[in-house]
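Inspection log for the structure reproduced underneath, given as structure tokens.
Protein chains in written order, with the working numbering: chain A, 2 to 354; chain B, 1049 to 1257.
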């Protein structure tokens, strides 16, 4: 590609008129470059909005918008029933939809453990496949909920503990409270913390449960070995084999996998983000993952059903980062690398060789 | 904010009377518009009032919002006229006075750290531009106005817009040539850049950033 063509594509990207094939051409070109510093710089500048730092304060904007809203607030205006926080949250995560269900009293999803289950008024927040959501718990803890996940918590946290139950994946920024430990209960592990930032991935359909710690410290309690406590340090990740799937997987080649793996989290050197938590920023990261696992992530992310017919294809390993991309953009990109073809019928995608 | 997001907000405002989307749009444009209005009325409360009036009218006319092709251009033109109403009684305005009164920066907690250093240098370069040059750069880069729209808004010729952008480019490329060796090579061979249309195009691209 010559410079003029590159320029054309960059300009099209900037003005938002780039077609998918042009985007792919651009991506491919960039990936072939050894020295792409300038391109990445251009990309950063393209994507970074200018701020008016000192000159315009948030209070100025808020008081100004208040005046405007007052002026337009006559009876003819209907106030829509969207949460007022949407605008703020949108910066971090774009929420497609969030299903909030309130269930009164004593909702027990899992029947286990010595820890008390949430009592009193339990709140449930769940997300469908393809949607994500955020939540602020009564104690001020912020939770980002990935797709196809569910969180159950007590409206009035206990005096002594703060317990939430999780099925699926969530990222927690726990409000510090020495007196009341914060406990995330999943089917296979309990995570006990005082005040930290961490990610828990516990999808029932997956083989492993994972916890990744970004700051602070957390204690892990295994449901299978009640007396065993594992302490996690910042930037460590633990992967625990789910006990309910162990038996089912007999004959599987992965049977020799250890039950617990403790690893260091690999941080992206440029922005110190980690693959485990990229979903919070609407970014999907694959790093040498098998296509069948990628398909599973995409199913959750976009809410499609994905079938892969070819066995070799299923085990093909791929890496990639997708930020704010549509399902077809992701598939088109993967298709080029993994050399497959796919069909999309309704909400089912079939990947063929 | 992506162009698409803005269109989504406009849809929500126009079709669902969505005040949250309205607030989002307001917050997005507020700083830039106030800075622009300020350069005309030279008074912060008046500048804010001008922007507020424009947005009140935008809400009142929200049903026709979706027929507006370029919302940025529409808002800047509206704020300009609103601001001129404020000053018309006092004195005549010289169009040379249009400028960018506020400091801008690229620094962003979510930005990549390596990029951040360059972004800070570039913000510094932008802030040291003459106000009008800075405004033109921002209108083209940030508000995605076309050269012709900027020219019309500021009542200058398209040639002037191009010239001002070239000044902005020189400053920013001064930053880039230190941090980005690849660009440095093009920059060093300035003569060949002028002769070579593709490199010239490349410089133009940076101009538009």
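Glycine is no exception: its CB is placed at the ideal position from the N, C-alpha and C atoms.
Three-state class that DSSP yields for residue 1168 of chain B in the structure shown: To locate residue 1168 of chain B, count along the second chain from 1; it is residue 120. Here residue 1168 of chain B sits in helix by DSSP.
Where residue 1186 of chain B falls, given that 16 or more other Cβ within 10 Å makes a residue buried: Here residue 1186 of chain B refers to the residue found at position 138 of the second chain. Under this definition residue 1186 of chain B is a buried residue.
Within 8 Å, strictly: CB atoms of residue 214 of chain A and residue 195 of chain A: Sequence index remark: in the first chain, residue 214 of chain A carries index 213 (1-based). Sequence index remark: in the first chain, residue 195 of chain A carries index 194 (1-based). Contact flag unset, no.
Boundaries (first-last residue) of the alpha helix (DSSP H) holding residue 1089 of chain B: Indexing the second chain from 1 puts residue 1089 of chain B at position 41. Per DSSP, the unbroken alpha helix (DSSP H) holding residue 1089 of chain B starts and ends at 1067–1089.
Closer than 8 Å to chain A by CB, residue 1083 of chain B: Working through the second chain from its first residue, we reach residue 1083 of chain B at position 35. Answer yes: the Cβ-Cβ gap between residue 1083 of chain B and chain A drops below 8 Å somewhere.
Contacts that residue 1074 of chain B makes with chain A (C-beta to C-beta distance below 7 Å): Within the second chain, numbered from 1, the residue matching residue 1074 of chain B stands at position 26. Residues of chain A passing the Cβ test: 66, 69.
CB of residue 184 of chain A within 8 Å of CB of residue 191 of chain A, strictly: Residue 184 of chain A sits at position 183 when you count from the first residue of the first chain. Residue 191 of chain A sits at position 190 when you count from the first residue of the first chain. Cβ distance < 8 Å, so residue 184 of chain A and residue 191 of chain A count as in contact.
Cβ pair residue 152 of chain A, residue 165 of chain A closer than 8 Å: Here the question's residue 152 of chain A lines up with position 151 in the first chain. Here the question's residue 165 of chain A lines up with position 164 in the first chain. Yes.
The stretch 1098–1115 of chain B contacting the stretch 1167–1187 of chain B, beta-carbon criterion three pairs below 8 Å: No: the two stretches stay apart, fewer than three of their Cβ pairs being nearer than 8 Å.
CB contact check: residue 1151 of chain B to chain A, cutoff 8 Å: Against the second chain, residue 1151 of chain B aligns to sequence position 103. Answer yes: the Cβ-Cβ gap between residue 1151 of chain B and chain A drops below 8 Å somewhere.
Proximity of residue 1150 of chain B and residue 1107 of chain B at Cβ, strictly below 8 Å: The count along the second chain starts at 1 and reaches residue 1150 of chain B at position 102. The count along the second chain starts at 1 and reaches residue 1107 of chain B at position 59. Their beta carbons are not under 8 Å apart, which means residue 1150 of chain B does not touch residue 1107 of chain B by this criterion.
Residues in the stretch 1180–1194 of chain B having any Cβ partner in chain A nearer than 8 Å: From the stretch 1180–1194 of chain B, only 1186, 1189, 1190, 1192 have a Cβ closer than 8 Å to chain A.
Nearest to residue 1086 of chain B (by Cα), restricted to the options B:1145, B:1113, B:1063, B:1073: Here residue 1086 of chain B refers to the residue found at position 38 when the second chain is read from its first residue. Looking only at B:1145, B:1113, B:1063, B:1073, the smallest Cα-Cα distance to residue 1086 of chain B is reached by B:1145.
Identified DSSP bridge partners for residue 154 of chain A: Indexing the first chain from 1 puts residue 154 of chain A at position 153. Looking at the DSSP assignment, residue 154 of chain A forms a beta bridge with A:124, A:165.
DSSP state of residue 133 of chain A mapped onto helix, strand, coil: Within the first chain, residue 133 of chain A is the residue found at index 132, counting from 1. DSSP, reduced to helix, strand and coil, places residue 133 of chain A outside both helices and strands of the structure shown, so it counts as coil.
Per-residue DSSP class, three states only, for residue 64 of chain A: Counting from one through the first chain, the residue named residue 64 of chain A turns up at place 63. DSSP places residue 64 of chain A within a helical segment (H, G or I) once states are collapsed to three.
Closest Cα partner of residue 73 of chain A within the set B:1127, B:1082, B:1080, B:1105: In the first chain, residue 73 of chain A corresponds to position 72, counting from 1. For the set B:1127, B:1082, B:1080, B:1105, the Cα lying nearest the Cα of residue 73 of chain A is the one of B:1105.
Cβ of residue 1103 of chain B within 8 Å of any chain A Cβ: For this step, residue 1103 of chain B is matched to residue 55 along the second chain. Yes, because at least one Cβ of chain A sits closer than 8 Å to the Cβ of residue 1103 of chain B.
The stretch 193–210 of chain A / the stretch 225–244 of chain A touching (three or more Cβ pairs under 8 Å): By the Cβ rule, the stretch 193–210 of chain A counts as touching the stretch 225–244 of chain A, because three or more pairs are nearer than 8 Å.
Three-state secondary structure assigned by DSSP to residue 177 of chain A: The count along the first chain starts at 1 and reaches residue 177 of chain A at position 176. Looking at residue 177 of chain A - three-state DSSP - the assignment turns out to be coil, as it is neither helix nor strand.
Residue 1055 of chain B classed as buried or exposed, judged by whether at least 16 other C-beta atoms fall within 10 angstroms: On the second chain, position 7 is the one that residue 1055 of chain B refers to. Classification for residue 1055 of chain B: exposed.
For residue 1208 of chain B, three-class secondary structure by DSSP: Within the second chain, numbered from 1, the residue matching residue 1208 of chain B stands at position 160. Note: residue 1208 of chain B maps to helix in three-state DSSP.
First and last residue of the uninterrupted beta strand (DSSP E) at residue 288 of chain A: Indexing the first chain from 1 puts residue 288 of chain A at position 287. Counting along the chain, the beta strand (DSSP E) containing residue 288 of chain A begins and ends at 284–291.
Sequence-distant residues of the same chain with beta carbon closer than 6 Å to residue 231 of chain A, five excluded per side: Sequence index remark: in the first chain, residue 231 of chain A carries index 230 (1-based). Once the five neighbours on either side are set aside, the close Cβ partners of residue 231 of chain A are 221.
Extent of the continuous beta strand (DSSP E) run through residue 211 of chain A: Start at 1 with the first residue of the first chain, and residue 211 of chain A comes out as number 210. Where residue 211 of chain A is concerned, the enclosing beta strand (DSSP E) stretches over 209–216.
Simplified DSSP assignment, three categories, for residue 1192 of chain B: Position 144 of the second chain, counted from the start, is the residue given in the question as residue 1192 of chain B. Coil, per DSSP.
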